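Student:
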Amino acid sequence: YYYLGTYRPEEMGSEDKTEFFENGFEDLPRRLPENCVEYMLFIIDSQVESRKLLSELEAIRKAATQLCDRFTRDYIWQRDVFQLQVKNDKGLVYLHGTTDYGDSVEDEWLIVFLLRELTKSFPSLWARVFDSDGEFLLVEAANVLPKWLSPEIDTNRVWMHRGRLWILPLAASSGEKRPLSITEAVSFLNTSPDALANSAFI
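Sequence positions in the sequence shown follow this note's numbering and run 8 to 209.
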């Protein structure tokens with residue numbers, strides 16, 4: 008089964024456990040609260056100058072608001088609404104949002120739909136979405152995923168672009184079977200977008 012990146016200590020050997028705890032908490036990924044979905048939207052375009060990046064992101068944010076109003080005018084969100092803010096973190100500037108969907112999984116999939124539609128409208132837009140379980144977009148495709156891809160290394164490898172789902176290959180981590188940092192993922196998108204895997208089955 009695809010465990011969505013869940014930490015399962017019972018599946019680790021004694022050496023793995025020792026190494027895990029000796030490393031302290033620095034290697035632990037930040038965990039989202041239960042029933043929350045987080046999303047990040049990046050402009051990957053070498054032609055966009057840094058001083059114009061903020062205006063481009065603001066244009067996407069406004070388009071997202073209009074799109075949301077169009078499709079959710081009569082929709083009742085259980086807790087939080089879909090919302091985006093500009094974020095500057097680790098040298099990256101992007102749009103970011105987090106939504107607590109409570110018991111309404113429909114809210115989560117509605118957000119996936121809105122993000123997918125946005126990537127169709129903006130050719131340079133790449134979107135990433137995940138929840139407290141990890142890369143939930145891969146669950147339904149567990150039987151057709153590349154054999155090298157597992158919950159232990161899938162972090163920051165799953166993206167939406169031009170309405171399709173893309174996976175960053177092992178080359179993004181120099182062939183190593185390990186999760187990617189968001190900085191590594193964005194760098195690979197900038198330098199090697201043609202190397203990403205896209206499958207109609209997925």
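Beta carbons are placed, not taken as given, at the ideal position from N, Cα and C, and that holds for glycine. Just so you know, these numbers come straight off a predicted model, no measurement behind them.
Report the rounded CA-to-CA distance for Lys24 versus Glu159, giving the unit in angstroms.
Tutor: On the sequence shown, residue 24 is found 17 positions in, with the first residue counted as 1. On the sequence shown, residue 159 is found 152 positions in, with the first residue counted as 1. In this predicted model, Lys24 has a pLDDT of only 43, less than 50, meaning its place in the structure is not dependable; the value taken from the coordinates is given anyway. Going by the C-alpha atoms only, they are around 15 Å apart.
Student: Using only the alpha-carbon positions, how far apart do Leu152 and Leu172 sit?
Tutor: Mapped onto the sequence shown, residue 152 falls at position 145. Mapped onto the sequence shown, residue 172 falls at position 165. Taking the straight line from one Cα to the other gives about 12 Å.
Student: Can you give me the C-alpha to C-alpha distance between Leu39 and Glu45, rounded to a whole angstrom?
Tutor: Reading the sequence shown from its first residue, position 32 is the one you call residue 39. Reading the sequence shown from its first residue, position 38 is the one you call residue 45. Going from the Cα of Leu39 to the Cα of Glu45 covers about 8 Å.
Student: Span of the beta strand (DSSP E) holding Phe208?
Tutor: Looking up residue 208 in the sequence shown gives position 201. Note, Phe208: premise wrong, no beta strand (DSSP E); not H, not E.
Student: In three-state DSSP terms, what is Asn5?
Tutor: Absent from the structure is residue 5, since the part of the chain shown begins at 8 and ends at 209.
Student: Evaluate Tyr82 with the Cβ neighbour count: other Cβ atoms within 10 Å of its Cβ, from every protein chain shown; 16 or more gives buried, anything less gives exposed.
Tutor: The residue you call residue 82 lines up with position 75 of the sequence shown. Tyr82 is exposed by the Cβ-count criterion.
Student: Would you kindly work out how many angstroms separate the C-alpha atoms of Asn163 and Asn150, rounded to a whole number?
Tutor: Within the sequence shown, the letter at position 156 stands for residue 163. Within the sequence shown, the letter at position 143 stands for residue 150. Straight-line Cα distance between these residues: approximately 20 Å.
Student: Is Leu91 near His103, with beta carbons less than 9 Å apart?
Tutor: Position 84 of the sequence shown, counted from the start, is the residue given in the question as residue 91. Position 96 of the sequence shown, counted from the start, is the residue given in the question as residue 103. Yes; because the gap between Cβ atoms is below 9 Å, this pair is in contact.
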